[in-house]
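Note sheet for the following structure.
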Amino acid sequence: MAIKLFDSELKVMEILWKEGDTTAKRIAEILSKDIGWSKTTTYTIIKRCLEKGAIQRRAPNWVCHPLVTIEEAREYETSELINKMYDGAADQLIASLLGGKILSKEEIERLKKTVREME
Amino acid sequence: MNVLQMSIAAAILILVIIVVRQLAIHKLPKKTFMILWGVVLLRLLIPFSFNISIPIQSNEEAITGNTMVSVVEMTGALNTDEVYRILPRTDIFEAVNTFNAMLPDIPESIAPVFPVTTIWVLGMLAVALFILVTHFRFSREYKASLPVDNFYINKWLNEQKGVRHIQARQSDKITAPLTYGILKPVILFPKTTDWQDIVRLRYIFIHEMTHIKRFDILRKWLLVIVLCVHWFNPLVWAMYILANRDIELSCDEAVVRAMGESTKSSYAMALIGLEERRSIFAPLCTSFSKNLLEERIISIMKIKKRSIVSIALAAVLVTVLTIGALTVFASNTTDDMATGSYDEYAEAVVPAAIEDTNVTDDEVPIINEPGNWDEWLEWFNSLTPEQQAYVSVRPPQEYVEPVHEYPINENPIEPRNPYRIATSIEEVWAIIALQDGTIPITNVDVAEIRNRQVDGIIILEQCLYEAMDVLLRAYAQSGFTYATRNMATTRVDMSPAFEEMPDYMKVPMIRNEFFRVAIEMGLVYMPPGTGRYGTDEEFYRTRDEALRLLELYDWMFPSDESIRESAQRLYGAQE
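As structure tokens, then:
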């Protein structure tokens, strides 16, 4: 599932991923507290997520339910990054992560383990 | 002045500024252009012209020289529209209302450009709608931005003093930093901002802070309003684009001045860096903004220490253009007769009429202060009717009342003093305008005037007395020969020039004539023969005198029973 989600939409999704199904009113409350959005702004963004098919509204209470999982969203963002910055070559991304010393030793070990398991 | 005239007057100014901008954009302080655009905005938004007429007159006339200005002010408020609006409000002018009913087709004749107005309003709405829709669409995106949590930006924001709470936010929908909000300003960074590049971040921050401090968004809104109103004027569009650019240039200049001139090249580099990012994501909108950026970079690199010469040059430029905008450009536009003041209107009518009758200025003798009224009348009667229409009237100072027979009534009625009649017309004008608050009163104690009420009418004597001469002249020029020759008989004689006037010009004329009659009915009184006001006791006509004048009025307007009745009621009540 490839849905391009903007930062604002991801913000709404994050809440759903964290809190599970949530009413729009509750989302608005949380976002108002955390990042100072008005209720209108939040509802606009929720509407966009609905239109994109990233959210579905369900009974009871018409709660918002995420149709996109956090993994799917991450996968999309990652492939976007790889395509844009690494000419579609995922190994280069890994190389860049290793070279940039962003990863700790433990993280690298865990990665190696994952790669071995998938082979 | 209507919108079109304002627009044309401002267009000249805009052209001048564009030329100056082209020639000296990098030589003058950018603030100069801010001020100049400000003057244009005022010119485009405020529908007043400041007429500075410098009267060139003989010695005798010099006494009344200063009244020229006050009369223009006074009459300026009394264009025909104003008069229509004011009249029905005043109970005492019920009679005038009835008279209004006798003048058909007035709105049409005054506003003959109805379809043009409709198109203008529709265009204005269309432009406003387009801009507002675009604005709200964008501002919806901006509102859905996320807070920025950057150590330096937080630090810089905390250092800011001021009432307004300023936020920094980020969005993945924009490619260059921007600021929005007037009361709660937000600096919006693109998500792609390099948050590690503190130097560039600092430049961006200061640039946007400068926008906030100078209320540049308010300026942009003003520009938008002007654009909506003057959407039909291509030069206003040019101004809109250039003024928006100059806001940026002026802001850049302020940043470089604040941070020191040595920073200008790195500041310029920071801008170029931003542009690179922009061009990656939005290649379609670079062609235009590239020129813009070039202008900005060159302008930044050319910022020098303010030299005395450039400041002086700027000061002269601003002064000259401002004065020009308020006077020269204004007077270019005052020849509209329907909307101009009475004075302008009279002057505008005359030359056209003179051409028709082949009377040149040289042929019309002007006498000032005739020693003797009879001599003056004799002289006046020796003129051709065309000439009479344009005689400048200077009533004698020592007026000896001629004895006249009242043509119909056997009862001898006090001969009319032309001076008194003419003055009273002005008086009613001023009373109406004063009640409406449209006349600025100079040199007159308002409270004192308010205390002197006659039948609820406020007398504004000083103001009027000063204004009298100029207006009398305007009268004579605009075709009311009665104002000079026939006033002794209180008959309304229209000169040929008046007969030839288009209807929309006749209307205010007739109206004034009616005012004159209203005075004859005794609403306002001035002791005969003096040309000046008497004591307070003399201010009031007796009932008998008023009734005699009513008879006279009957003779003049035999069919108009209702006016008579209301006037009688008025005087009955007074008793």
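Chains A and B supply the protein sequences, listed in that same order.
One gets my numbering by counting positions in the first sequence from 1 and adding 610 to each.
One gets my numbering by counting positions in the second sequence from 1 and adding 1132 to each.
Don't be surprised by glycine CBs; every beta carbon is placed ideally from N, CA and C.
7 Å Cβ cutoff, residue i in contact with chain A
i, result
"residue 1304 of chain B", "yes"
"residue 1317 of chain B", "no"
"residue 1278 of chain B", "yes"
"residue 1434 of chain B", "no"
"residue 1150 of chain B", "no"
"residue 1142 of chain B", "no"
"residue 1413 of chain B", "The predicted model places residue 1413 of chain B with a pLDDT of 37, which falls under 50 and marks its position as unreliable; any figure quoted below should be read in that light. False, the Cβ-Cβ gap to chain A never drops below 7 Å."
"residue 1265 of chain B", "no"
CB contact below 7 Å: residue i versus chain B
i, result
"residue 701 of chain A", "no"
"residue 704 of chain A", "no"
"residue 714 of chain A", "no"
"residue 625 of chain A", "no"
Partners in chain A for residue i, counting only beta-carbon separations shorter than 8 Å
i, result
"residue 1272 of chain B", "651 and 654"
Proximal residues of chain B, C-beta to C-beta of residue i below 8 Å
i, result
"residue 647 of chain A", "1275 and 1276"
Interface residues of chain B facing residue i [CB-CB closer than 7 Å]
i, result
"residue 628 of chain A", "Within chain B, no residue comes near residue 628 of chain A; the closest Cβ sits about 16 Å away, beyond 7 Å."
"residue 621 of chain A", "1278"
Nearest-angstrom Cβ-Cβ length linking residue i and residue j, presumed shorter than 8 Å
i, j, result
"residue 1173 of chain B", "residue 1356 of chain B", "Contact flag wrong, Cβ pair sits at about 11 Å."
"residue 1307 of chain B", "residue 1318 of chain B", "Not confirmed; about 17 Å, so no contact."
"residue 1457 of chain B", "residue 1145 of chain B", "5 Å"
"residue 651 of chain A", "residue 1305 of chain B", "Residue 651 of chain A to residue 1305 of chain B, Cβ: 13 Å. No contact."
"residue 669 of chain A", "residue 615 of chain A", "Not confirmed; about 25 Å, so no contact."
"residue 674 of chain A", "residue 640 of chain A", "Contact flag wrong, Cβ pair sits at about 12 Å."
"residue 1143 of chain B", "residue 1365 of chain B", "6 Å"
"residue 658 of chain A", "residue 619 of chain A", "6 Å"
"residue 1363 of chain B", "residue 1259 of chain B", "4 Å"
"residue 1429 of chain B", "residue 1403 of chain B", "6 Å"
"residue 634 of chain A", "residue 656 of chain A", "5 Å"
Where residue i meets chain B, residues with beta-carbon distance less than 9 Å
i, result
"residue 617 of chain A", "1276, 1277, 1278, 1302, 1303, 1304, 1305 and 1323"
What runs of the alpha helix (DSSP H), each 4 residues or longer, lie entirely inside the segment 1269–1336 of chain B?
Entirely contained in the segment 1269–1336 of chain B, the alpha helix (DSSP H) runs reaching 4 residues are, in chain order, 1283–1291.
4 or more residues per run - each alpha helix (DSSP H) lying fully within the segment 637–673 of chain A:
For the segment 637–673 of chain A, whole alpha helix (DSSP H) runs of length 4 or above, ordered along the chain, are 649–662.
Return the chain-ordered ranges of every alpha helix (DSSP H) run that is complete within the segment 1352–1399 of chain B and spans a minimum of 4 residues.
List check, alpha helix (DSSP H) in window: 1366–1391.
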